[in-house]
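For the sequence shown, the working numbering begins at 2 and goes up steadily by one.
Beta carbons: idealized from backbone N, C-alpha and C, even for Gly.
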Amino acid sequence: MRQFVSLLLVILWLGGTAHAAESQAITSERDEATLVTDRDAIGPDQILHVGLRLKLKPGWHTYWVNPGDAGEAPVLKVQASGGAEGASDTIDWPTPVRLSEGGLMAYAYEGDVVLPEVLKLRGKSLQGKGGVTIKAHAEWLVCENTCVPEEGEFTLVLPPADADPGPGAQAAPLFAKAEAARPVPSPFAASFGADGILTLSGAGLSAQSVHDAWFMPSAGGLIDHVAKQALSVGDGHVSLKLTWAAGSKAPSTVAGIVVLQDAAGKTSSLWIDAKNSGATPSAATPSAPVAAHPADASYGLGMLLVFAFLGGLILNLMPCVFPVLAMKALSVAKMGAHGRRAAFHSAFAYTGGVMGTFALLGLLLFGLRAAGSVAGWGFQFQSSVFVVGVGWLLFLMALNLLGVFEITTGLGQDVRPKTGLAGDVMTGALAVVVATPCTAPFMGVAIAAALGGGAVSSLAIFLSMGLGLAFPYLLIAGVPGIATRLPKPGNWMSILRQFLAFPLLATCVWLLWVAGLQRGPDVVGLATGGAVALGFAAWMYGLAQQRAMTEGVTRGVIVVRAIAIGVFALVVASLARIDAAPAPHVSTAAMEQSATSRSVPYSAEALAKARAQGRPVFIDMTAAWCITCMVNERVALYTADVQDAFHAHDIVYMKGDWTNRDQAITDYLRAHGRDGVPLYVYYPSHGPEQVLPQILTPGMVLSTING
């Protein structure tokens, strides 16, 4: 059937009806890259085939989804906008060739190759909308004697189907070629045993039909790619002897391509998903590109809602959120017994702000992922603009608590002379913003289930998390017995208010450090200078407030306020310069070498290599903006006892730094049912992997690695 479809595509092209579009080329001495489509005009609700075309110079090659012993798989992300919309990042991989050199095996592509994707377009009408704009970002590695990473941005504009499409590059045969090269689902039953014998069984298999055969797994770290695959053919069966990678045991399943070759050299590529005839499901391939730990598989929605509530509740103890909760408690104490009604209204407004912001965050995450993004919990802190912006906001809050100026517009809580329900709502929103770099127990499972489930259940989980975050203030304001136990208003409130400024200032320092890791010293200088300017603006604004209280709103007061607001506006406008700063070639993993010189950066290849050598591996998925991660490292992972145990057991301590977006780390997190950091996974030299809790203690880590 696939061959028939491919032949039909070629016939249509030869008939002149299958024109295609091709972007401008990105050319190097190694290859030429373009973006191609299977047509040069488009209508709504169509399926468009789009692909990365690489014309590789002789001797050069790029890689399959599993590159083999070395290399890296290409990445292609496509987005359509205009009269119709759509997104795709899933390559329909053609069958690669095997390249063996220097004792290594690569699964690769040579010559003129198209890596296609299917782009499903949605749109009501293209009339008057200028067609569809196709934009793509691609990354690929090309190798000969040396390897060179390459990337490119491509753009194509396709007119409506009923407009004049103009002459198009006739690339349809390339898609037909790629379609013909794709493996078809195997019609034969496939199984294997612990001895590595992979067997295909079914009618039509014989020594006359199969002259040679080989297997290429879709995941790395599974087999010894170079080892000879001894072939045995009989009536109704074909067997290949696979050699498991050093230190690895037979997994529960094996997926990949079996290529069958007849005596004339003609090949057939078959996709198999074979099961171990006698294995338990515990030995999964460590770098398998599918989710190995679906977070919601064993929990119902009710339990996930409980987890979300408990996670939100525990967030109140995190250093990001506690000052906000303490300030809300101050407001209840200041209202006293006669202000219970106002306190109750304030608590409900705060809760509305918290839950509304959680709902918006959940919908944003859900929408981004539905559009093809890989956003997870805390994703906004991967933006240096957001990190610096939040740092400046917290700095202004600290100055407000120290009495430099007062907020009289309803933005805030009791520390302002004029408060209101709108201020309580905004405070609730702020609590959510500063809570996102923290991850509490129970949250990982709940968030992963929310982002992997339907829209209704996802929204319910995020709302439950918001209710947990707001619950302590609801309790303080709504239960008379708790409110009456708070100290009576007095001078202590002013002292506590000023004291709470210092945790916020400490958070500002931490955010400054995060921004420096993300974008380097230039951004640190910009952020620090901006903070000084904001401090000056706040001081001037405070002076104007004091003058207005004693002298009224004079012309001088108006001028001073205008200058303060102007300085504030200039500082905010400077945020646009932050993303222009080049990212430094450093990471938290590199900076922590002084704490643990044995840590190595995470990569799927490094993990597979360590596993193949039979060495135990401890995975630490972290980020500089994740406070929970930093605390776990200080109180557990970097302690002398744990580091000594790592050394004694020859454990590879592998860190994945998610401070900036990293697709490999995102894939690993999602494969383990997580959508944010931290994640801790221990791979013993023998036996299944073990996922540790999100809050660590030294004893917990030692117990895990000591078995």
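| Asked | Found |
| --- | --- |
| Less than 9 Å separating the beta-carbons of M701 and K656? | no |
| Secondary structure at G708, three-state DSSP: helix, strand or coil? | coil |
| Count the other C-beta atoms from every protein chain shown that fall within 10 angstroms of the C-beta of N707, then say buried if there are 16 or more, exposed otherwise. | exposed |
| Considering H648, what are the terminal residues of the alpha helix (DSSP H) in which it resides? | A641 to A649 |
| If I follow the unbroken alpha helix (DSSP H) through V307, where does it start and stop? | L302 to L316 |
| How would you write the range of the alpha helix (DSSP H) that M541 sits in, first residue to last? | P522 to E552 |
| What's the call for D196, buried or exposed, on a 16-neighbour Cβ count within 10 Å? | exposed |
| May I ask which residues mark the beginning and end of the beta strand (DSSP E) holding D658? | V653 to D658 |
| Among all the DSSP beta bridges, which residues are the ones paired with T268? | Q262 |
| State the Cα-Cα distance for the pair G619 and Y654, rounded to the nearest angstrom. | Residue identity differs from the one stated: residue 619 is Phe in this sequence, not Gly. Looking at the two C-alpha atoms, the distance is approximately 5 Å. |
| Nearest to L122 by alpha carbon, out of V133, D113, F155 and V115? | V133 |
| Determine the direct distance from the alpha carbon of A139 to that of I27, and round the result to whole angstroms. | 11 Å |
| Kindly confirm or deny that the region 80-87 and the region 148-155 touch, where touching means at least three C-beta pairs closer than 8 Å. | no |
| Going along the chain, which residues of its own chain have a beta-carbon closer than 8 Å to the beta-carbon of T705, five neighbours each way excluded? | Y683, Q691 and L693 |
| Return the CA-CA distance between V227 and Y110, expressed in angstroms with no decimal places. | 18 Å |
| Mapping DSSP to helix, strand and coil, what is R662? | coil |
| DSSP three-state label for H687, please. | coil |
| Let me make sure I understand the geometry here. Which of W65, T156 and Y64 has the alpha-carbon closest to that of V51? | T156 |
| What are the residues that DSSP puts in a beta bridge with M622? | G657 and L680 |
| Can you pull the DSSP bridge partners for V133? | G83 and L159 |
| Evaluate P481 with the Cβ neighbour count: other Cβ atoms within 10 Å of its Cβ, from every protein chain shown; 16 or more gives buried, anything less gives exposed. | exposed |
| Output the distance between the C-alpha atoms of V426 and K136, rounded to the nearest integer angstrom. | 39 Å |
| Between L77 and K610, what straight-line distance do the alpha-carbon atoms span, to the nearest angstrom? | 26 Å |
| If you draw a straight line from the alpha carbon of H238 to that of D93, how long is it in whole angstroms? | 28 Å |
| Could you please give the first and the last residue of the uninterrupted alpha helix (DSSP H) stretch that includes R498? | N492 to F500 |
| Excluding sequence positions up to five away, which residues of its chain have a Cβ less than 6 Å from the Cβ of V115? | G52, R54, L175 and A179 |
| Is DSSP giving M328 helix, strand or coil here? | helix |
| Counting C-beta neighbours from all protein chains within 10 Å, is the total for V573 16 or more, i.e. buried, or is it exposed? | exposed |
| Counting only the same chain and skipping the five closest in sequence on each side, list residues whose C-beta sits under 7 Å from that of E354. | The displayed chain sequence assigns Gly, not Glu, to residue 354. D425, V426, M427, T428, G429 and A430. |
| Classify C148 as helix, strand or coil using the three-state DSSP reduction. | strand |
| Candidates E33, I696, D32 and I198: which alpha carbon is nearest L243's? | I198 |
| Tell me the DSSP bridge mates of H138? | K78 and E154 |
| Three-state secondary structure (DSSP) at W393? | helix |
| If we call anything under 9 Å between Cβ atoms a contact, is V234 one with V211? | yes |
| Assuming W393 and G531 form a contact by the criterion Cβ under 8 Å, report the distance between their Cβ atoms to the nearest whole angstrom. | 6 Å |
| Measuring straight from C-alpha to C-alpha, what distance separates S600 and G248? | 21 Å |
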